[in-house]
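There are 2 protein chains.
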Amino acid sequence: MKKYVYDFNEGNKDMRNILGGKGANLAEMTNIGLPVPSGFTISTEACLEYLKNKTEIPDNITNEIFNHIKILEEKTGKLFGNKDNPLLVSVRSGAPISMPGMMDSILNIGLNDEIAESFSKQTNNPHFVYDSYRRLIQMFSDVVKGVPKSNFECLFEQIKKTRGKEEFEFTEEELKGIIKLYKDEYFESTKEQFPENPYTQLIETVEAVFLSWNNDRAITYRKLNDISNDLGTAVNVQTMVYGNLGENSGTGVAFTRNPATGENKLFGEYLINAQGEDVVAGIRTPESIDTLKEVMPDCYKEFESICKILENHYKDMQDMEFTIQNGKLYMLQTRNAKRTGSSAIKVALDMINEGLITKEEAILRVEPNLLEQLLHPTFDQDELNNQVPVAKGLPASPGCATGKLFFNVKDLKEAKDKGEKDLILIRIETSPEDIDGMQIANGILTIRGGMTSHAAVVARGMGTCCVSGCSDIVVDEANKVIKVNDLEVHEGEYISLDGNTGNVYIGKIDTKEPEISGDFKTFMDLADTYRKLRVRANADNPKDANTARKFGSEGIGLCRTEHMFFNPERIFEFRKMIVADTEEQRQNALNNILPYQRSDFEALFESQEGDPVIIRYLDPPLHEFLPKKEEEIKELATSLNMSYESLKERIDDLKEFNPMMGHRGCRLDITYPEIAVMQTKAVIEAAINVTKKGLKVKPEIMIPLIVDEKELKFIKDIITNTADKIIKENNIELEYMVGTMIEVPRATLIADKLAKHAQFFSFGTNDLTQLTYGFSRDDASKFLKDYYDKNIFESDPFAKIDREGVGRLVYMAIRKAKQIRNNIELGICGEHGGEPSSINFCQLIGLDYVSCSPYRVPIARLAAAQAAIKAKKNK
Amino acid sequence: MKKYVYDFNEGNKDMRNILGGKGANLAEMTNIGLPVPSGFTISTEACLEYLKNKTEIPDNITNEIFNHIKILEEKTGKLFGNKDNPLLVSVRSGAPISMPGMMDSILNIGLNDEIAESFSKQTNNPHFVYDSYRRLIQMFSDVVKGVPKSNFECLFEQIKKTRGKEEFEFTEEELKGIIKLYKDEYFESTKEQFPENPYTQLIETVEAVFLSWNNDRAITYRKLNDISNDLGTAVNVQTMVYGNLGENSGTGVAFTRNPATGENKLFGEYLINAQGEDVVAGIRTPESIDTLKEVMPDCYKEFESICKILENHYKDMQDMEFTIQNGKLYMLQTRNAKRTGSSAIKVALDMINEGLITKEEAILRVEPNLLEQLLHPTFDQDELNNQVPVAKGLPASPGCATGKLFFNVKDLKEAKDKGEKDLILIRIETSPEDIDGMQIANGILTIRGGMTSHAAVVARGMGTCCVSGCSDIVVDEANKVIKVNDLEVHEGEYISLDGNTGNVYIGKIDTKEPEISGDFKTFMDLADTYRKLRVRANADNPKDANTARKFGSEGIGLCRTEHMFFNPERIFEFRKMIVADTEEQRQNALNNILPYQRSDFEALFESQEGDPVIIRYLDPPLHEFLPKKEEEIKELATSLNMSYESLKERIDDLKEFNPMMGHRGCRLDITYPEIAVMQTKAVIEAAINVTKKGLKVKPEIMIPLIVDEKELKFIKDIITNTADKIIKENNIELEYMVGTMIEVPRATLIADKLAKHAQFFSFGTNDLTQLTYGFSRDDASKFLKDYYDKNIFESDPFAKIDREGVGRLVYMAIRKAKQIRNNIELGICGEHGGEPSSINFCQLIGLDYVSCSPYRVPIARLAAAQAAIKAKKNK
């Protein structure tokens, strides 16, 4: 028969899938001889079994639980439900992966009126017993029955007020009276009697823990953190030890090192004469763990040595709970400690030096995304503590920002011109025309759009804080005011955004600039010694390129040339090109654009000191460059010397039903080869100019949206003919490559044919994901929510590469391409290029490099190092 | 050394790739001993060689041509360029696949002033010689130099007028004078002298033929007919024979049978004393070939026997050119005759009976698309001859239509209500709201959209004539008038559309209803005996379903349930469903829709007599069902008892950037499972009701747009839970299947996982093509034009399946699916399901059936029969 319940001495730390994290570690501590109160763990499999039935815990599991209660009785010499020698237990949830939102613990299970009375006499400590009993009723009501804790807290406050007494002053009878009132409250709220039967208490509690696996908070947390819904939670049942037996007892939490800074020094706090929940609840102010050294020197010494044992055993910083009962120390929990980015780095480096872990283990120890914290402004923690968020959107681009609110780029720029420094831009959704404003804003807030909306992508690229899709907020653009709940924020008033959490605050919260400490550099340098994948950056201008380089990028993997056009002077010429009636007019406009592009490319090449620069040719549909509002069209018509009607007609003509799949990318070059000619001139002339300065240049020209061999050849011929002619005229040595973006499913299927003409492939997994799923990135956030809620998707395919579908296409393309051109350069430039698990996939399938936004470069470097170490291990 | 020139006796009919069709058949006729004037063929390879150089014909090829002239001189005993015994030749183009648009023939090459003078004396027939010479100059000018024929024709008319004489009355000197004037005209137009050197005449003519391979008409023709650009054309050089030597000479064209009806009787016409071009040019009215029996009984008898020989030899109806020179018959060309659909069928059946071909050959002999002619109204040919098209769009849906023009559905319906019968609907582009109007119009004309635009797809489905993307026409909707060139057509005025050619005519042209002859049925029944693929129809209502059944469909492969909602009463309830604020409101609206759907399904099931009916659940994005114009929104708001603002907000909320990739298909069922529940109730209750009537029913429920296994399972569970409950409640036996449409690339990649849950797959290759290419069907026509013009694409991937990309995905999916579920039912329901070469592909990859619009069912049946025969052959 299947086993569903494990005694602590039957498990170990590697059984977390079955015992949950807490249970596995309690077992491990038990086995290495640490003082852990006896207990057992009900497995995650029992949870899944229960959730499948949804009615009650199957008999065989109930029986196993009761058998283990018997074993506990034997070990402790106490009896569950026996008034003369009662066994009391705690029940705590413990999923395989630690997650908030799950059920809290319930202590003191096993008490009832009869047992309390008798127990109170035995211990001669009615205060302790009735305090414990009172807590049991309150916790049980809250956790199992959903009756708010505050109901009881209010009641207790009232009683104290009425009687004019503090808790410790109550007589035994008065304490019993309080229990009576608690039970009345319980009955009133639940329409049932508080269960006097300890077994009922136990089983109902276990069921509540099981059910809490599927509460909203837990589901949301799992979704956000990519945790499978199929794991289930375990339940730990443990003999009670009491920190509230008097001044010789206490309870606390501690870290073996400082989780914020990484300093190698015990860090934590405790309370004398208290149960665990008191430390967390914050009713009394706990003491620093340092003072325990004087208060209970023996306990402190023992605890210190247990910390060492645990760190040596787990080879990682631990986060522990402990209780002292009448001077004896008990360990209630240990786990690898959560930590900040700086702490993670310091701990990893220290542990190498301490000989605790190898360098490779140290690299694997730091979660790459933690580095994000080191690269963006953060809120001042003290100020943040005084604030409550008013709305929550998606954490679209990390960092924190505070500033005055503006509703459009024009107003924002005017404020900037008047000397305002801290500006926040709010838009329903951003469009390429907002780029100017996005560049000068401290933070960006949008009402619509997901993690890969225009605002999110651009903001991440810029390293600007962004909260997107914040649909709680109602925007009144006409009156320049936002409404959220009953609050209003007007133009020019302060608002603060947390791009790490998606929280939005009203008012100003000071921010701190990031400091890149020496440890950070040491750590990244170490990581680089393992890394196989090169890391390039997606950068469209010298500023971004330099930022990326500062963060350690090795060339540019994607320069989106269209981003160079969104400057007022340039866009005018570009628009002239779009509305041109004849090839000659178009050529004239292109001639005017050429010098801009050329000088941009020169600056870009110079910034990269000979590292490769991939330049993607014009990609978006032309209508993205034209205005939409009547007034703007009129303005443009006047400046273009056109009639409003004919400009409007041209704009309407360019409108598309599905622009993502429309006239864009290389399709523009097929229709207007002169655009490819101009861009080639700009690239090659810039490269020549920089070469003439004595600098090295490696231009790689990338043709976007290719679907067919002849299409690629047609455009490649234009490029090489143009380029070779210029190079010859200049009588100079210049090597350049021509390649293609692989971003349409068909391109992956004919990759062998494309490899005949392309010297490199860059996988554009953003568009490839859109087309492989048929998900419009701009529209999908609307319905993907339902996919998460209904457990259909566990992660966002735009954030984390879909290995089964998109990944398979990429892998097929690589195999086909290498058959034809073994040394073809292969990289990725979608958002996935900066996401650790996707980077691991890139290593597995044999890419040469990943390219990501500048602010993700360090993350990609670390993820790539980890991928290389893991790959070596698996060989 | 490579051989570029072949004497007629060196070739045969199987060498058409090298000799072209005409050359191969001249060689074949020569070899079987028919009277063919001697000559030789310059190969297609010579053409390609020349086009590669683009400057001149390489020396080795020129030498080979001149060598063959020598051989010709030996055979004929005449000398090229010799005034005493001149050899004259004709030059004719001949591509491997017969195609119009190529260069015409040039006759009488080898004449110049000197030779003409001498030849005229020898023959004592100056009229014949100078007539020939005049024709040479005119043809050479026209064909080689691009000087319009009309220049010379005008000149000739003037001379005749001035002199008051007809051609035959001119003296030799006067004839010479005309030649002088022709040469002056030649010089004036070309700024060079007419080449007196016969070798120059020959080589320049050959070059002109080569170049004509790439003229616009030829390129367009090849694109439209899927002929490769890489074939090149051959050139035939042949000794002249003269039909213009007097009353004992003549020239003609004839078919061995009637190309219009198939009647087994010589059909053709001839002219006495004329050269070939005169028959074609229509200056003189030719005689029926029947009269030749009396005029030249021996020649007729010989010709009749040659026809028999040729038919027996080629085993097909022939289309021939002949010339009679002084009573001797010469064959100048033979080829398999083009024919109408009826003729093709009759000839095929007759030839079986005559023992000329096998039944399988007969089936292969009829081009499936020819059947189209038998299924739609056609213009009265006599009336059509008096008409000139004013504009040309895409031949989006076959058939011809004439009627009064209306600009919107409202006006059209009012006209209908007033008793108007012949109505034509013109729209910039159609939307689902136009369905009502499209159903009652004789024909549909759109300004935008390609062969697979909404208008085209819907019209083909209905079998209604449609010309789409006719951008020559300017629509003024406000004033209800169209402008084309300088002409205007107002509302209510007649216009005529030819859906087979895309031609648009102003005015009324009477149409004829199609007749399905007995031969047609005999032929289709024969085809069915070979066919392996089943043929189902895409039909959304009983009318279409019955039409399809009449045409031989075996069940319904695609019922698009949303098409059932576009009826005014129904759409109201449907809109209520869309704008519902609560699940309850939505449920109420769905409850009101249920009876409509159920009764529609009942009618559909009854129409299919137990054949399977695939019902696809709601597919398009919801905003397609809501109005766009302010006025209509206001109207709807009133009738829904909503404020304009809140309706407008809901509509804006539903707007999508790329609706094709948005919230549609099964994604709607994920968000609103109650829709799937309602549709399942309608399907199953209808099936039960029909079963209770004692009829058989085979419902197959199809879930659209699946991308993920869990997604499919989620919806399948809803369907089976709902269905099984109803079936159980009714205590009835009812089998139904649940399957999915495979139309998103990702679905093909995880087809094995989907096959675990799906009992059938239907490949939706329209959407699959859109996503595999990243081509929006509604937008692509704009840029695909450039892809054809630049020789990047040779055919429309939406019309003919892309085997390399889309086809590969389909094939992968089939292999994966069969591994999991060997008996899975596999079909296709995209537009490709009715296209012969795609149907052949469907047979190759192992589908069970194809589904197409009702009017393509016979075509699909024939194409499937041909595919089966070809597959058997290739085994």
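Chains as they are written, first to last, in my numbering: chain A, 1 to 875; chain B, 1001 to 1875. Note that beta-carbon positions come from the ideal geometry of N, C-alpha and C, so glycine has one too.
A check of alpha carbon separations from Q1597/B across T1680/B, D1779/B, E1624/B identifies T1680/B as the nearest.
Straight-line spacing of the CA atoms in G1393/B and N1503/B works out to 6 Å. A distance below 8 Å between beta-carbons, with the five flanking residues on each side excluded, links V744/A to the following residues of its chain, in chain order: L705, I706, V707, D767, L768, L771. For R1598/B, not one C-beta of chain A is nearer than 9 Å to its own C-beta.
Within chain A, the C-beta atoms nearer than 8 Å to that of V1744/B come from T772, Y773, G774, in chain order. In the structure shown, K404/A adopts extended strand secondary structure according to DSSP, grouped into three states.
DSSP places M737/A within a strand segment (E or B) once states are collapsed to three. Secondary-structure assignment with DSSP links E287/A through a beta bridge to Y270/A. According to the DSSP secondary-structure assignment, F1255/B is paired through a beta bridge with F1267/B, D1319/B. Excluding sequence positions up to five before and after M15/A, its CB lies within less than 6 Å of the CB of A24, all in the same chain and listed in chain order. Apart from sequence neighbours up to five positions away, the residues of its chain that approach K1075/B with a beta-carbon distance below 7 Å are S1038, ordered along the chain. Our two residues, T561/A and I715/A, have alpha carbons roughly 17 Å apart in a direct line. Check the Cα spacing between N1336/B and each of M1296/B, A1348/B, T1041/B: the tightest is with A1348/B.
Taking 9 Å as the threshold, the shortest C-beta distance from R1808/B to chain A falls below it. A distance below 9 Å separates the beta carbons of Y1330/B and P1035/B.
By the Cβ rule, the stretch 1677 to 1693 of chain B counts as touching the stretch 1599 to 1609 of chain B, because three or more pairs are nearer than 8 Å. Boundaries of the alpha helix (DSSP H) around V143/A: 126 to 145. In its chain, beyond the 5 residues on either side, D1142 have a beta carbon closer than 8 Å to the beta carbon of P1148/B. S1639/B sits exposed, since fewer than 16 C-beta atoms from the chains shown fall within 10 Å of its C-beta. C299/A: member of the alpha helix (DSSP H) spanning 297 to 314, first to last residue. Contact between the stretch 1407 to 1415 of chain B and the stretch 1437 to 1449 of chain B is present: three or more C-beta pairs spanning the two stretches fall below 8 Å. A Cβ of chain A is located within less than 9 Å of the beta carbon of A1780/B. Under the three-state reduction of DSSP, C1829/B is assigned to coil, being neither helix nor strand. Around the beta-carbon of R1217/B, fewer than 16 other beta-carbon atoms lie within 10 Å, marking it exposed. In summary, Q1318/B is buried, with 16 or more beta-carbon neighbours lying within 10 Å of its beta-carbon over all protein chains present. Not a single C-beta of chain B is nearer than 9 Å to the C-beta of V481/A. 9 Å or more divides the Cβ of P58/A from the Cβ of P368/A. Within the stretch 1468 to 1480 of chain B, no residue has its Cβ closer than 8 Å to any Cβ of chain A. Interface annotation, G355/A: not in contact with chain B, CB-CB separation never under 9 Å. Within its own chain, the residues whose Cβ lies closer than 8 Å to the Cβ of M1564/B, once the five positions on either side in sequence are excluded, are D1540, N1541, R1570, Y1596, Q1597, D1600, listed in chain order. Judged by DSSP secondary structure, Q1381/B falls within the alpha helix (DSSP H) whose first and last residues are 1381 to 1385. When A260/A, G276/A, T261/A, E207/A are compared, the shortest CA-CA separation from M240/A is found for G276/A. In chain order, I670, F714 make up the part of chain A whose C-beta sits under 8 Å from the C-beta of K1790/B. Put simply, the CB of M661/A is near chain B, with a gap under 9 Å to one of its CB atoms. By a beta-carbon distance limit of 8 Å, I839/A does not contact F761/A. Their separation comes to about 17 Å. Residues of the stretch 1818 to 1843 of chain B whose Cβ lies closer than 7 Å to any Cβ of chain A: none.
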